[in-house]
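Input: a single structure, listed below in structure tokens.
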Amino acid sequence: IPVRVQRTSQLEFNVIVSPPEFKEAFSLFDKDGDGTITTKELGTVMRSLGQNPTEAELQDMINEVDADGNGTIDFPEFLTMMARKMKDTDSEEEIRENLFESYYAF
Numbered sequence: 001i002p003v004r005v006q007r008t009s010q011l012e013f014n015v016i017v018s019p020p021e022f023k024e025a026f027s028l029f030d031k032d033g034d035g036t037i038t039t040k041e042l043g044t045v046m047r048s049l050g051q052n053p054t055e056a057e058l059q060d061m062i063n064e065v066d067a068d069g070n071g072t073i074d075f076p077e078f079l080t081m082m083a084r085k086m087k088d089t090d091s092e093e094e095i096r097e098n099l100f101e102s103y104y105a106f
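Here you go:
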């Protein structure tokens with residue numbers, strides 16, 4: 001079943017991304033396969049994409065979606081993060097590029 005996100009502003013759009021694509025993207029971040037993304041794992045992926053976040057920035061990114069307060073991102077929290085990212089993105093193509101840029105970096 002696809003996930004549908006609708007942006008409500010002057011420009012409205014719908015984005016459909018299937019759950020397997022999200023799961024694949026999550027697994028790229030979850031290097032040790034324990035079902036959570038740590039600041040270390042998030043940093044590794046971001047650095048591979050040419051970013052250089054500080055530890056504080058990484059923790060802030062996790063804290064934004066860490067609903068259970070355990071200091072990591074699990075899959076439902078990852079979906080929340082992706083939904084927020086999609087709301088700030090103007091095209092389906094840009095979203096797909098963001099999702100899979102990590103994959104092709106490895």
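First residue of the sequence shown? That's 1 in the UniProt record's numbering, and the numbers climb one at a time after it. Built from N, CA and C at the ideal position, the CB exists for glycine as well. Just so you know, these numbers come straight off a predicted model, no measurement behind them.
Exposed unless 16 or more other CB atoms sit within 10 angstroms - verdict on residue i
i     : result
Leu42 : buried
Ala25 : buried
Glu77 : buried
Presumed contact (8 Å Cβ cut-off) between residue i and residue j, rounded CB distance
i     : j     : result
Asp74 : Gly35 : 6 Å
Thr72 : Gln59 : With a Cβ gap of about 11 Å, Thr72 and Gln59 do not count as contacting.
Proximity test, Cβ basis, 8 Å: residue i and chain D
i     : result
Ile37 : This model lacks chain D altogether; it includes just one protein chain.
Those residues which DSSP pairs with residue i across a bridge
i     : result
Thr36 : Asp74
Residue i and residue j closer than 8 Å at C-beta
i     : j     : result
Met82 : Phe29 : no
Val65 : Thr80 : yes
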